[in-house]
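Numbering (the UniProt record's numbering), first residue to last: 1 to 199.
Using N, Cα and C, we set each Cβ at its ideal position, and we do this for glycine too.
Nothing here was measured: the structure is a model prediction, and the numbers come from that model.
These notes concern the structure reproduced below.
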Amino acid sequence: MDPAPLELVAGRPLAARRDSRETRRLLIDGIGSYAQAIGRPPTRLADVAEHVGLSTATAYRHFASLDDLANAHLARLPEHAVRVFAAGSDRGDDPVARFHRWNRAWVAACLAHGDTTVPLRSTAGFLRRRADGDPLVAYVCHHVEPLLAACDVPVDVGVAVWNAVSDPREVVDLRDTLGHSERRIARHITDLTLAARRR
């Protein structure tokens, strides 16, 4: 499944003007800081607008709904992982090493964005959202599924296991509660996911 361009996940095209891009960034940052400060996601787009000092009308010029704004914020995590992964070298990577390198990029992104993305996550399961064509899940699967297939992991089972063990809540918890390093967390994710290999 080809992923939807992530700029379409948020429901409105990206603005060309610098001040409009700044306002959009302020709202995207704002939904995360609201959820982090209050301890729960906002219930209205107006809550985020008020939190960042903008009018509700301005917020609606940038986002059609609160879900669109949440998706724009949540998209930062996989975008970060894809950038870090793409910056690495593929020279000589066997499939397992390449998958581990992806997991290191994912862990780095979780640790960079997890504190603000965790409160905004969907209540629907990953496989349900994948089957429904959720654009954010499709984007992540577009990058993870080929890595799993190259490691001889059944893709449906593999993405379910990978999603469970790479959940940003768990990644942040392993670092903050147990003091694990990024490398150790990534190795944990790799090893547990590869346990689902075909026998």
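Note down the Cα distance separating residue i from residue j, rounded to an integer number of angstroms.
i: Gly125; j: Val171; result: 18 Å
i: Leu178; j: His188; result: 13 Å
i: residue 200; j: Leu111; result: Because the chain here runs from 1 to 199, residue 200 falls outside it and cannot be looked at.
i: Thr23; j: Pro42; result: 18 Å
i: Arg17; j: Asp29; result: 18 Å
i: Val161; j: Arg184; result: 18 Å
i: Asp47; j: Ser65; result: 12 Å
i: Leu27; j: Val52; result: 7 Å
i: Thr116; j: Pro154; result: 32 Å
i: Leu120; j: Leu192; result: 26 Å
i: Arg197; j: His62; result: 44 Å
i: Asp90; j: Ala37; result: 40 Å
i: Leu174; j: Asp132; result: 30 Å
i: Arg169; j: Arg44; result: 24 Å
i: Asp19; j: Val159; result: 39 Å
i: Ala149; j: Asp93; result: 15 Å
i: Ser34; j: Asp134; result: It should be noted that the sequence gives Tyr, not Ser, for residue 34. Distance between the alpha carbons of Tyr34 and Asp134: 24 Å.
i: Arg21; j: His180; result: 37 Å
Is residue i near the ligand ATP - that is, is its Cβ less than 7 Å away from at least one heavy atom of it?
i: Phe126; result: The ligand ATP is not part of the structure shown, which contains no ligands of any sort.
For the putative contact between residue i and residue j, defined by C-beta atoms under 8 Å, what is the C-beta separation to the nearest angstrom?
i: His73; j: Gly39; result: Contact flag wrong, Cβ pair sits at about 16 Å.
i: Val84; j: Ala49; result: About 32 Å; that fails the 8 Å criterion.
i: Arg129; j: Ser122; result: 6 Å
i: Ala75; j: Leu136; result: 6 Å
i: Ala186; j: Arg104; result: 4 Å
i: Leu77; j: His113; result: 4 Å
Here's a check: name, in chain order, each residue in its chain whose Cβ is nearer than 8 Å to the Cβ of residue i, leaving out the five neighbours to either side.
i: Val96; result: Cys151, Thr190 and Leu194
i: Leu147; result: Pro95, Arg98, Phe99 and Trp102
i: Asp156; result: Leu127
i: Ala70; result: Ile31, Pro41 and Leu120
Between which residues of its own chain and residue i is the CB-CB distance below 6 Å, once the five residues before and five after are set aside?
i: Trp106; result: Ala81 and Ser166
i: Gly88; result: Arg101
Under 7 Å Cβ to Cβ from residue i, same chain only, skipping five residues before and after it: list those, please.
i: Glu182; result: Arg104, Val107, Ala108 and Leu111
Inset, instruction - Can you check the segment 62-109 for any alpha helix (DSSP H) of at least 4 residues that lies completely inside it and give the ranges in chain order? - result: Counting whole runs of 4 or more residues, the segment 62-109 contains the alpha helix (DSSP H) stretches 66-74 and 76-87.
Legend entry - At least 3 beta-carbon pairs within less than 8 Å: the segment 139-149 vs the segment 54-63: Contact fails: fewer than three Cβ-Cβ distances are below 8 Å.
Inset, instruction - Write down every uninterrupted run of the alpha helix (DSSP H) in the segment 109-158 whose length is 4 residues or greater and which is fully enclosed by it, in chain order. - result: Correct list: 126-131 and 135-150.
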